[in-house]
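Asker: Protein chains in written order, with this note's numbering: chain A, 1 to 225; chain B, 1 to 225.
Cβ coordinates follow ideal geometry from the N, Cα and C atoms, glycine included.
Bear in mind the structure is a predicted one, so any value in this text is a computation, not a measurement.
There are 2 protein chains.
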Amino acid sequence: MAQSDTVDRILDAAEELFAERGFSETSLRMITSKAKVNLAAVNYHFGSKNALIHAVFARFLSPFSATLETAFDNLEERCDGQPPTLYQTLWALTESAVRMPQRNDRGISIFMRLLGLAYTQSQGHLRKFLEQEYSQPFGRFMRLLKEATPELSSVDRYWRIQFMLGATAFTMSSSDALRDILQNKTGIETSVQEIAARLVPFLAAGMQAPDKLLVPPPESKVSVA
Amino acid sequence: MAQSDTVDRILDAAEELFAERGFSETSLRMITSKAKVNLAAVNYHFGSKNALIHAVFARFLSPFSATLETAFDNLEERCDGQPPTLYQTLWALTESAVRMPQRNDRGISIFMRLLGLAYTQSQGHLRKFLEQEYSQPFGRFMRLLKEATPELSSVDRYWRIQFMLGATAFTMSSSDALRDILQNKTGIETSVQEIAARLVPFLAAGMQAPDKLLVPPPESKVSVA
DNA sequence: CTCCGCTTCAAACGTATGTTTCAAACAGAC
DNA sequence: GTCTGTTTGAAACATACGTTTGAAGCGGAG
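1) Determine the DSSP secondary structure at serine 109 of chain B, reduced to helix, strand or coil.
2) At which residue ranges does the segment 36-118 of chain A contain complete alpha helix (DSSP H) runs of 4 or more residues, listed in the order of the chain?
3) Pick helix, strand or coil for serine 173 of chain B, following the three-state DSSP scheme.
4) Is the Cβ-Cβ distance between tyrosine 134 of chain B and leucine 165 of chain B less than 9 Å?
5) In chain B, what lies closer than 8 Å to arginine 9 of chain A by C-beta?
6) Classify glutamate 77 of chain A as buried or exposed, calling it buried when 16 or more other Cβ atoms lie within 10 Å of its own Cβ.
7) If you measure beta-carbon to beta-carbon, which residues of the segment 137-159 of chain A are closer than 8 Å to chain B?
8) Which chain A residues sit within Cβ distance under 7 Å of phenylalanine 202 of chain B?
9) Helix, strand or coil for lysine 221 of chain B, going by three-state DSSP, please let me know.
10) With a cut-off of 8 Å on the beta carbons, I'd call phenylalanine 23 of chain B and glutamine 132 of chain B a contact; round off their distance for me.
11) Give a yes or no on whether the minimum CB-CB distance between alanine 118 of chain A and chain B is below 9 Å.
12) Does DSSP put serine 33 of chain B in a helix, in a strand, or in coil?
13) Looking only at its chain, what residues have a beta carbon closer than 6 Å to the beta carbon of asparagine 50 of chain B, apart from the 5 residues adjacent to it on each side?
14) For cysteine 79 of chain B, which residues of its own chain have a beta-carbon under 7 Å away from its beta-carbon, when the five flanking residues on both sides are left out?
15) Using 10 angstroms around the beta-carbon of glycine 206 of chain A, count the other beta-carbons present and answer buried if the total reaches 16, otherwise exposed.
16) For threonine 26 of chain A, does the three-state DSSP call read helix, strand or coil?
17) Go through its chain and collect everything with a Cβ distance to valine 56 of chain B's Cβ below 8 Å, but skip five positions before and after it.
18) Once you ignore the five residues that flank leucine 86 of chain A on each side, which residues in its own chain have a CB closer than 8 Å to its CB?
19) Less than 8 Å between the CB atoms is what I'm expecting for phenylalanine 170 of chain A and phenylalanine 170 of chain B, so what's the real figure, rounded?
20) Please report the residue range of the alpha helix (DSSP H) in which alanine 209 of chain B lies.
21) Determine the contact status of phenylalanine 60 of chain B and arginine 140 of chain B, defining contact as a CB-CB distance below 9 Å.
22) Can the beta-carbon of alanine 92 of chain B be found less than 9 Å from the beta-carbon of leucine 75 of chain B?
23) Leaving aside the five residues before and after isoleucine 188 of chain B along the sequence, list all residues of the same chain whose C-beta is less than 7 Å from its C-beta, in chain order.
24) Between glutamine 121 of chain A and leucine 178 of chain B, which are expected to be in contact by the criterion C-beta below 8 Å, what is the C-beta distance as a whole number of angstroms?
25) Taking leucine 178 of chain B as the query, report the chain A residues whose CB atoms sit under 9 Å from its CB, ordered along the chain.
26) Isoleucine 110 of chain A to threonine 6 of chain B, Cα distance in whole Å?
27) Report yes or no: is there a C-beta of chain A within less than 9 Å of the C-beta of serine 174 of chain B?
28) Assuming valine 37 of chain B and arginine 9 of chain B form a contact by the criterion Cβ under 8 Å, report the distance between their Cβ atoms to the nearest whole angstrom.
29) Is the Cβ-Cβ distance between arginine 106 of chain B and aspartate 176 of chain B less than 9 Å?
30) Would you tell me roughly how many angstroms separate the C-alpha atoms of arginine 198 of chain B and serine 191 of chain B, rounded to the nearest one?
31) Measure the Cβ-Cβ separation of valine 200 of chain A and threonine 67 of chain A and say whether it is below 9 Å.
32) In chain A, which residues lie with their C-beta within 8 Å of the C-beta of leucine 199 of chain B?
33) Examine chain B for any beta-carbon lying closer than 9 Å to the beta-carbon of alanine 13 of chain A, and answer yes or no.
34) Is the beta carbon of histidine 54 of chain B sitting closer than 9 Å to the one on phenylalanine 129 of chain B?
35) Kindly indicate which three-state DSSP category leucine 130 of chain B falls into: helix, strand or coil?
36) According to the Cβ coordinates, are leucine 152 of chain B and arginine 160 of chain B closer than 9 Å?
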């Protein structure tokens, strides 16, 4: 075992446990016993628990970041000059996420769940790490969104982007649980790809909704469609 | 201090700390030192940390639950017989949340943030507690949503409700931070009411979006409006 | 005043955590 | 085979946690 697969075994176990239990709720002892390595191995190879968390994210986020950049490249090339539509931009993002080569079949779920946790759990060190490592693709995505929705004021766009992020992060961070609930209620199996296929139209429609109301709807029933 | 305000001081401190740091990341010692009470007071008055978490939720969820029920009562009465529209239903919910009497000006943010955390952090005991204590208003809201969107399949509706919950919980849970960012960038002040006024059209539009796509959009640019 | 139930307090308990230590095991170069 | 740098191993470390203990303090009733 040349460059010692200990590192990978730790990353695999950590990834899985973090995804299903969160960061604070996952101890190094859980990780090392699942990975069947010695407890001290984590601190030897990574330095600290926080550094391990960063390594887990870097392992899947770096390839994803690269995939995303080329997806955006292709998209902009196909549109030569014209800015891509909102729908195309959102789709390029989800496609890149869904098409990522996975280590196993739960790969995408874990990927999504970790992203959701990163956004949700207010681990300061993690947010800082992600911001300074992956600001470029994020900034590019924001620029594409802006060009795809020129009709929105920047304030409207700002809030609606937050709404999109929220819907996505939240859904994906509990996608496993939500799929299980649906499975129990209706017997229907759902893939992450299908969730994404449902999410994109929802986001695009919300993003392009008519202007915000400044007053509550009147007493009488009003149609909104 | 008749019935000892210790209980309330603990609840106030716990509420605030839970909202800004999460449950596992908030220790009883942080809470008791912020509340300026003895460490043992928590276990004396509440029994355990988990019971304290439940009490924090019960304190704001029970009045909210009542407010919401009457809001739904009024709405259904006004519509006599006809099911309320999606827009009206969503508005009744946000109105109830926004109009709740608050202990202080950050009340709504804390309220939303806690709901978001409850949804996100996989604290099994909390989910169980909320389900068996507040299933009625939740179920009623779901029923109203169902009647307001008869054109949706139940599976579509299920997922879109999750998307709505995500956008709402996420945005509201970080509404403080998001408002500050916008304030710094543009100098614009934003009230929670305004955020809600922007959120409702977004949600309604997403909820009523055209069907999910089962295939990626074609190479050529497609319009989505 | 004395008593009694309720509340507070300082201290300790047992357990779990992240991290460190240092000796043993190992692998490849000479 | 021997040496050398790297990796593993069992054990301990210091710290933080939730919880428990038992004594002290308190306020109203008799």
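Answerer: Let me lay it out:
1) Taking the second sequence and counting its residues from 1, one reaches residue 109 of chain B at position 109. Looking at serine 109 of chain B - three-state DSSP - the assignment turns out to be helix.
2) 40-45, 49-78 and 86-98
3) The count along the second sequence starts at 1 and reaches residue 173 of chain B at position 173. Serine 173 of chain B: helix per DSSP, three-state reduction.
4) Within the second sequence, numbered from 1, the residue matching residue 134 of chain B stands at position 134. Within the second sequence, numbered from 1, the residue matching residue 165 of chain B stands at position 165. Cβ distance not < 9 Å, so tyrosine 134 of chain B and leucine 165 of chain B don't count as in contact.
5) By one-based count along the first sequence, residue 9 of chain A stands at place 9. Neighbours of arginine 9 of chain A in chain B, taken as residues at a C-beta separation under 8 Å, are lacking, since the least C-beta distance is about 24 Å.
6) Mapped onto the first sequence, residue 77 of chain A falls at position 77. Exposed, because fewer than 16 other Cβ atoms sit within 10 Å of the Cβ of glutamate 77 of chain A.
7) Listed by position, the residues of the segment 137-159 of chain A near chain B (Cβ gap below 8 Å) are Ser154, Val155, Asp156, Tyr158 and Trp159.
8) To locate residue 202 of chain B, count along the second sequence from 1; it is residue 202. Those within 7 Å of phenylalanine 202 of chain B in chain A are Arg160, Phe163, Gly206 and Ala209.
9) As a working mapping, residue 221 of chain B is identified with position 221 in the second sequence. Residue confidence is low: lysine 221 of chain B scores 42 on pLDDT, short of 50, so the model does not pin down where it sits. Its coordinate-derived value is still stated next. Residue state, collapsed to three classes: coil.
10) Your numbering for residue 23 of chain B matches position 23 in the second sequence. Your numbering for residue 132 of chain B matches position 132 in the second sequence. Not a contact, Cβ separation roughly 19 Å.
11) Along the first sequence, read from residue 1 onward, the residue named residue 118 of chain A stands at position 118. For alanine 118 of chain A, the answer is no, since every Cβ of chain B falls outside 9 Å of its Cβ.
12) Numbered from its first residue, the second sequence carries residue 33 of chain B at position 33. In this structure, serine 33 of chain B counts as helix in the three-state DSSP scheme.
13) On the second sequence, residue 50 of chain B is found 50 positions in, with the first residue counted as 1. These residues qualify, in order along the chain: His125.
14) The residue given as residue 79 of chain B occupies position 79 in the second sequence. Once the five neighbours on either side are set aside, cysteine 79 of chain B has no close Cβ partner at all.
15) Position 206 of the first sequence, counted from the first residue, corresponds to residue 206 of chain A. With 16 or more other Cβ atoms inside 10 Å of its own Cβ, glycine 206 of chain A counts as buried.
16) Here the question's residue 26 of chain A lines up with position 26 in the first sequence. Coil, per DSSP.
17) The residue labelled residue 56 of chain B in the question sits at position 56 within the second sequence. Same-chain partners within the cutoff: Leu11, Ala14, Glu15, Phe18 and Leu114.
18) Within the first sequence, numbered from 1, the residue matching residue 86 of chain A stands at position 86. Counting only Cβ-Cβ distances below 8 Å, and skipping sequence neighbours, we find Leu145, Ala148, Thr149, Ala204, Met207 and Gln208.
19) Residue mapping note: residue 170 of chain A aligns to position 170 of the first sequence, counting from 1. Residue mapping note: residue 170 of chain B aligns to position 170 of the second sequence, counting from 1. Confirmed, about 5 Å.
20) Here residue 209 of chain B refers to the residue found at position 209 when the second sequence is read from its first residue. It is not in any alpha helix (DSSP H) - alanine 209 of chain B carries neither H nor E in the DSSP assignment.
21) As a first step, residue 60 of chain B is located in the second sequence; it is residue number 60 there, counting from the start. As a first step, residue 140 of chain B is located in the second sequence; it is residue number 140 there, counting from the start. Against a cut-off of 9 Å, the Cβ pair of arginine 140 of chain B and phenylalanine 60 of chain B comes out as no contact.
22) Residue mapping note: residue 92 of chain B aligns to position 92 of the second sequence, counting from 1. Residue mapping note: residue 75 of chain B aligns to position 75 of the second sequence, counting from 1. Their beta carbons are under 9 Å apart, which means alanine 92 of chain B touches leucine 75 of chain B by this criterion.
23) Here residue 188 of chain B refers to the residue found at position 188 when the second sequence is read from its first residue. Result list for isoleucine 188 of chain B: Leu182, in chain order.
24) Counted from its first residue, the first sequence places residue 121 of chain A at position 121. Counted from its first residue, the second sequence places residue 178 of chain B at position 178. Their Cβ separation, rounded to whole angstroms, is 17 Å, which puts glutamine 121 of chain A and leucine 178 of chain B out of contact at 8 Å.
25) Position 178 of the second sequence holds residue 178 of chain B. In chain order: Tyr158, Trp159 and Gln162.
26) Residue numbering aside, residue 110 of chain A sits at position 110 when the first sequence is read from its first letter. Residue numbering aside, residue 6 of chain B sits at position 6 when the second sequence is read from its first letter. The alpha-carbon atoms of isoleucine 110 of chain A and threonine 6 of chain B are separated by roughly 43 Å.
27) Sequence index remark: in the second sequence, residue 174 of chain B carries index 174 (1-based). Yes, its Cβ sits closer than 9 Å to a Cβ of chain A.
28) Against the second sequence, residue 37 of chain B aligns to sequence position 37. Against the second sequence, residue 9 of chain B aligns to sequence position 9. So it is a contact: roughly 6 Å between Cβ atoms.
29) As a position in the second sequence, residue 106 of chain B is number 106, starting the count at 1. As a position in the second sequence, residue 176 of chain B is number 176, starting the count at 1. Cβ atoms of arginine 106 of chain B and aspartate 176 of chain B: closer than 9 Å.
30) Working through the second sequence from its first residue, we reach residue 198 of chain B at position 198. Working through the second sequence from its first residue, we reach residue 191 of chain B at position 191. Taking the straight line from one Cα to the other gives about 11 Å.
31) On the first sequence, residue 200 of chain A is found 200 positions in, with the first residue counted as 1. On the first sequence, residue 67 of chain A is found 67 positions in, with the first residue counted as 1. Against a cut-off of 9 Å, the Cβ pair of threonine 67 of chain A and valine 200 of chain A comes out as no contact.
32) Locating residue 199 of chain B in the second sequence gives position 199, where the first residue counts as 1. Those within 8 Å of leucine 199 of chain B in chain A are Trp159 and Phe163.
33) For the purposes of this step, residue 13 of chain A is identified with residue 13 of the first sequence, where counting begins at 1. It does not; no Cβ of chain B falls within 9 Å.
34) As a first step, residue 54 of chain B must be located in the second sequence, where it is residue number 54. As a first step, residue 129 of chain B must be located in the second sequence, where it is residue number 129. Yes, the Cβ-Cβ distance between histidine 54 of chain B and phenylalanine 129 of chain B is below 9 Å.
35) In the second sequence, residue 130 of chain B corresponds to position 130, counting from 1. If DSSP states are grouped into helix, strand and coil, leucine 130 of chain B belongs with the helices.
36) Reading the second sequence from its first residue, position 152 is the one you call residue 152 of chain B. Reading the second sequence from its first residue, position 160 is the one you call residue 160 of chain B. Going by C-beta atoms, leucine 152 of chain B is nearer than 9 Å to arginine 160 of chain B.
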